[in-house]
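J.: Got a structure for you, questions after.
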Amino acid sequence: MLYPQEFDVIVVGGGHAGTEAALASARMGCKTLLLSHNIETLGQMSCNPSIGGIGKGHLVKEVDALGGAMALATDEGGIQFRILNSSKGPAVRATRAQADRILYKAAIRRRLENQENLWLFQQAVDDLMVESTGTEDRVVGAVTQVGVRFRSKTVVLTAGTFLDGKIHVGLENYAAGRAGDPPAVSLSARLKELKLPQGRLKTGTPPRLDGRTIDFSQCQEQPGDGMPGGLNPEAGVPVFSFMGRADMHPSQMPCWVTHTNERTHDIIRSGFDRSPMFTGKIEGVGPRYCPSVEDKINRFADKDSHQIFLEPEGLTTHEFYPNG
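Residue numbers (the numbering used here): 898 to 1221.
Structure follows, in C-alpha cells:
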C-alpha cells in the first residue's frame, strides 16, 4: 500500500540522532516523516540517563547552537548539573547533567508532536525503495513491516544499535535492538544486499541498583553545582542550553560516590570466564573513556580500588545507575 502523501525527508529511528534529524529537517521547511517501531520510546535514554560531560558536552552545545532539542530537553528534565573542570580554563570545561528518564523523554516527545512540517508514524522499517536512473540507483522511500510504502526525496537512517542488534548477558545472547525492543534484522539485510558498508556499534550497560538496598551512610554525597554543599551555591544551578533558564529545572538530587575494594575485584575476576569480553563473544573495542568495571580490573590490575558514582535515574524511581 502506497501512503497517499510524499515527503521531502524520511527519518528512520527515533533515538537521539533521529529525533534531532527529524526536528532539524522540519524546522528547515521540509515535509518530514519520522518512522519508529514504537512511538512510546521516542527520545528514550537507552543507557545511563546523563547528557554531556568531557567527551560529549561539546556535541550537545553544537547541536544546541544549531537549534537542536537535546540541551533544552535536558534543562527541562535534568535533576543534577555540574560544570566539569571548572577550576581550569573555559576551553576544557564541560557541562554534565543527570536527567530524569521520564521527564527527558516527555520533553523530546512534546517537541516532536508540536513541530510544524513533522509527521510521526509508528512502524518498523524493513525495506528501502530503490529506483534506477540508468546511471545510478537512488533510494526513493521506505517500506514498513506491514508493507506501507512511503515515498520521499531523501531517507536518513538513524537505527543505531538496532541494525541486526544482539544483546550479550554473560554467556547468553539474543537478538534485540536494546533490552525489550526487537532488532532491525530485515533492514540490515537490505543494506547488505545494496552493498553498503556496515560496521558494528558496541555499547555496554550495567545492572541497575535498587536504592532501597544501598547503605548511603557508607557513601560520599555529591551534590550538583548550585545545590547546598555543591560548587558555587550562590551562582545557582547551571543551565545546558544557550536558551535555557534555571527555572526550567525540576527538583535537584545528589549523586553518591563509593569505591570498589579487593573483595569486589576478586568476585569480578572469578567471573572473567563468563564475561563475553574475555570469551571472544564480543570482539569490538569499548569506548576509551567509559570502560566496563571488568575491563578496568583487567587492564589496571595494580589498582586495588576504583571510584563508582551512584546516579539516580529519576525523581519517581528507586533505580540507580552505577557509573565509573
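No residue lacks a Cβ here, since even glycine has one placed at the ideal position from N, Cα and C.
Is the CB-CB distance between residue 1136 and residue 1142 below 8 angstroms?
T.: Going by C-beta atoms, residue 1136 is nearer than 8 angstroms to residue 1142.
J.: Across which residues does DSSP place residue 1038 in a beta bridge pair?
T.: In DSSP, residue 1038 forms a bridge with 1026 and 1048.
J.: Note down the Cα distance separating residue 1066 from residue 1085, rounded to an integer number of angstroms.
T.: Near 23 angstroms, if we compare the C-alpha coordinates of residue 1085 and residue 1066.
J.: Under a three-way DSSP split, which group does residue 1201 fall into?
T.: Three-state result, residue 1201: coil.
J.: Using DSSP's beta-bridge definition, name the partner residues of residue 995.
T.: Answer is 947 and 977, bridged to residue 995.
J.: How many Å lie between residue 912 and residue 918 at the Cα?
T.: Taking the straight line joining both Cα atoms gives about 10 angstroms.
J.: Identify the residues that DSSP records as bridge partners of residue 1152: which are they?
T.: DSSP, once it has assigned bridges, lists 1119 as partnering residue 1152.
J.: In whole angstroms, what is the alpha-carbon distance linking residue 1132 and residue 983?
T.: Each residue's Cα considered, the two are about 13 angstroms apart.
J.: Buried or exposed for residue 901, going by 16 or more other Cβ atoms inside 10 Å?
T.: The residue is exposed, with fewer than 16 neighbouring Cβ atoms inside 10 Å.
J.: Please classify residue 1029 as buried or exposed, where buried requires at least 16 other C-beta atoms within 10 Å of its C-beta.
T.: Exposed, because fewer than 16 other Cβ atoms sit within 10 Å of the Cβ of residue 1029.
J.: Is the region 1011–1021 touching the region 1182–1199 in the sense that three or more CB pairs, one from each, lie closer than 8 angstroms?
T.: These segments do not touch.
J.: Specify the secondary structure class of residue 1207 as computed by DSSP and reduced to three states.
T.: The answer is strand: DSSP assigns residue 1207 an E or B state.
J.: Which one or two residues does DSSP pair with residue 1107 in a beta bridge?
T.: According to DSSP, which records beta bridges pairwise, residue 1107 is partnered with 1216.
J.: In whole angstroms, what is the alpha-carbon distance linking residue 1050 and residue 1035?
T.: Their Cα atoms are separated by approximately 9 angstroms.
J.: Would you call the region 934–942 and the region 1068–1082 touching, i.e. three or more CB-CB distances under 8 angstroms?
T.: Touching, yes, given that three or more Cβ pairs across the two stretches are closer than 8 angstroms.
J.: Check each candidate in 952, 1052, 1031 and 1144 and name the one with the smallest Cα separation from residue 1040.
T.: It is 1052.
J.: Please tell me whether residue 996 and residue 974 are closer than 8 angstroms, where the distance is taken between their beta carbons.
T.: Closer than 8 angstroms, so yes.
J.: Have a look at 1218, 1017, 1027 and 1031 and flag the residue whose alpha-carbon is nearest the alpha-carbon of residue 1092.
T.: Answer by Cα proximity: 1027.
J.: Take residue 1048 as the anchor and find which of 1105, 959, 906 and 979 has the nearest alpha-carbon.
T.: Among 1105, 959, 906 and 979, the Cα nearest to that of residue 1048 is on 906.
J.: Would you say residue 957 and residue 968 are within 8 angstroms of each other, going by their C-beta atoms?
T.: Yes, they are a contact pair.
J.: Can you look up residue 1065 in the DSSP assignment and give me helix, strand or coil?
T.: Looking at residue 1065 - three-state DSSP - the assignment turns out to be strand.
J.: When we look at the beta-carbon of residue 1044 and count the other beta-carbons within 10 Å, is it buried (16 or more) or exposed?
T.: The residue is exposed, with fewer than 16 neighbouring Cβ atoms inside 10 Å.
J.: For residue 949 and residue 965, I'd like the C-alpha separation in whole angstroms.
T.: Computed Cα separation, rounded: 14 angstroms.
J.: Hey, residue 1004 and residue 954: beta-carbon distance below 8 angstroms or not?
T.: Contact flag unset, no.
J.: Looking only at DSSP bridge pairs, what is residue 933 linked to?
T.: According to DSSP, which records beta bridges pairwise, residue 933 is partnered with 1019.
J.: Going by beta-carbon coordinates alone, are residue 1165 and residue 1205 separated by less than 8 angstroms?
T.: Going by C-beta atoms, residue 1165 is not nearer than 8 angstroms to residue 1205.
J.: Among the residues of its own chain, which have a CB less than 8 angstroms from the CB of residue 963, if the five just before and after it don't count?
T.: Cβ within range, chain order: 921.
J.: In the DSSP assignment, find the beta strand (DSSP E) that holds residue 904 and state where it starts and stops.
T.: It spans 904–909 - the beta strand (DSSP E) in which residue 904 sits, taken as one unbroken run.
J.: Note down, in chain order, each residue of its chain lying with its Cβ closer than 6 angstroms to the Cβ of residue 1172, except the 5 sequence neighbours on either side.
T.: Correct list, in chain order: 1191.
J.: By Cβ distance, which residues of its chain are closer than 7 angstroms to residue 1122, with the 5 residues on each side in sequence left out?
T.: Closer than 7 angstroms at Cβ, skipping near neighbours: 978, 979, 980, 1128, 1129, 1134 and 1135.
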